[in-house]
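No gaps in the numbering here: position 65 of the first sequence is 49 in this note's numbering, and each next residue is one more.
Before any comments, here is the structure.
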Amino acid sequence: MVGAASGPGLREIYERLHRAYGDPGWWPAEDRFEILVGAVLTQNAAWTNVEYALAHLRAAGAMDAEAILALPQERLGALIRPSGYYNVKSQRLRALCQFVRDAGGLDGLAAQPTDRLRDGLLSIKGVGRETADDIVLYAFDRPVFVIDAYTRRIFSRLGFVAGDESYEALRSAFEQALDPDVATFKAYHGLIVTHAKAACNKRPACTGCALQRICPVGRGEAAA
DNA sequence: ACCCAGGGTCATA
DNA sequence: TATGACCATGGG
């Protein structure tokens, strides 16, 4: 599964990234509920745009499930407009808030075992695997490894995975290759995104980047 | 003007 | 299972 035939392991990749970028400070949020909202709003959207939307919700006093459920759909859409897909995402936010309410609030969710929590989140229309795992890891501090497009791209170029595995297969592989430490999982995903933005998502090849010789290069280009 | 971003759903085959 | 269309804004 995961693991190049030779060379550094997942743990050493993490060390290199951490050495280069420090603690990425993920997930940036003022409180736990904001992580749930941000996880939905950031779907296929730039985080800077999500910040505008989050600021609007805070300013409107709508940073909690009941307040959001009390908003007219159109009003909610207007508040989150900068994060894109506002018609879709306003419905997804409502569904998420309804789920939180039905579970007895965030404390009710926090009392659930990880599998039940994750399955519950996945049952929400508009919450897929990555969004659910963002929430489970960053808002509820459970050791699940978040897989995203960057993770696939970087680690397939590094030769750790083929890249076309199912989400669950990939998640399972990462979780079993690492000690189940929540703080490490949180930082690791943040570091992957930080690195992708800093180097591996750009052309030409990133000279002197954190992963050095094993660093992947730009999209669609062969490794040096 | 074009490309993309911290995805997910739905219809179709 | 696996493609493709669709959703929409702001920054490079």
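Even for Gly, the Cβ is constructed at its ideal location relative to N, Cα and C.
Computed from a prediction, not measured in an experiment: that's the story for all the values here.
Exposure label - residue i; buried when at least 16 CB within 10 Å
{"i": "Thr32", "result": "exposed"}
{"i": "Glu18", "result": "buried"}
{"i": "Glu152", "result": "exposed"}
{"i": "Glu58", "result": "exposed"}
{"i": "Glu114", "result": "buried"}
{"i": "Glu205", "result": "Only weak support is given to the placement of Glu205: the predicted model assigns it a pLDDT of 42, under 50, and the value that follows is read from those uncertain coordinates. Exposed, because fewer than 16 other Cβ atoms sit within 10 Å of the Cβ of Glu205."}
{"i": "Arg203", "result": "Any reading at Arg203 needs caution, since the residue's pLDDT is 37, under 50, leaving its predicted position unreliable; the model's value is listed next. Classification for Arg203: exposed."}
{"i": "Arg100", "result": "exposed"}
{"i": "Val72", "result": "exposed"}
{"i": "Ser150", "result": "exposed"}
Residue closest to residue i, alpha-carbon to alpha-carbon, out of the options
{"i": "Thr98", "options": "Gly112, Ala37 and Val128", "result": "Val128"}
{"i": "Ile180", "options": "Val166, Ala37, Phe169 and Arg137", "result": "The displayed chain sequence assigns Ala, not Ile, to residue 180. Nearest C-alpha to Ala180: Arg137."}
{"i": "Trp10", "options": "Ala194, Glu50 and His173", "result": "His173"}
{"i": "Val130", "options": "Leu142, Ser140 and Ala116", "result": "Ala116"}
{"i": "Arg76", "options": "Leu93, Leu53 and Ala95", "result": "Leu53"}
{"i": "Leu25", "options": "Gly89, Gly147, Pro66 and Asp163", "result": "Pro66"}
Beta-carbon proximity of residue i to residue j, cut-off 8 Å
{"i": "Phe83", "j": "Ile108", "result": "yes"}
{"i": "Ala171", "j": "Pro12", "result": "no"}
{"i": "Ala23", "j": "Asp118", "result": "yes"}
{"i": "Ala43", "j": "Leu55", "result": "no"}
{"i": "Tyr122", "j": "Val177", "result": "no"}
{"i": "Ala37", "j": "Cys81", "result": "no"}
{"i": "Ala194", "j": "Ala51", "result": "no"}
{"i": "Leu(-6)", "j": "Phe158", "result": "yes"}
{"i": "Leu154", "j": "Phe124", "result": "no"}
Opening and closing residue of the alpha helix (DSSP H) in which residue i lies
{"i": "Tyr172", "result": "Val166 to His179"}
{"i": "Asp117", "result": "Arg113 to Asp118"}
{"i": "Asn71", "result": "Tyr70 to Asp86"}
{"i": "Ala4", "result": "Leu(-6) to Tyr5"}
{"i": "Ser156", "result": "Tyr151 to Ala161"}
Supposed close pair residue i, residue j - CB separation, criterion 8 Å
{"i": "Ala29", "j": "Gly61", "result": "Actually they are not in contact, since the Cβ atoms of Ala29 and Gly61 sit about 14 Å apart, beyond 8 Å."}
{"i": "Gly104", "j": "Ala87", "result": "7 Å"}
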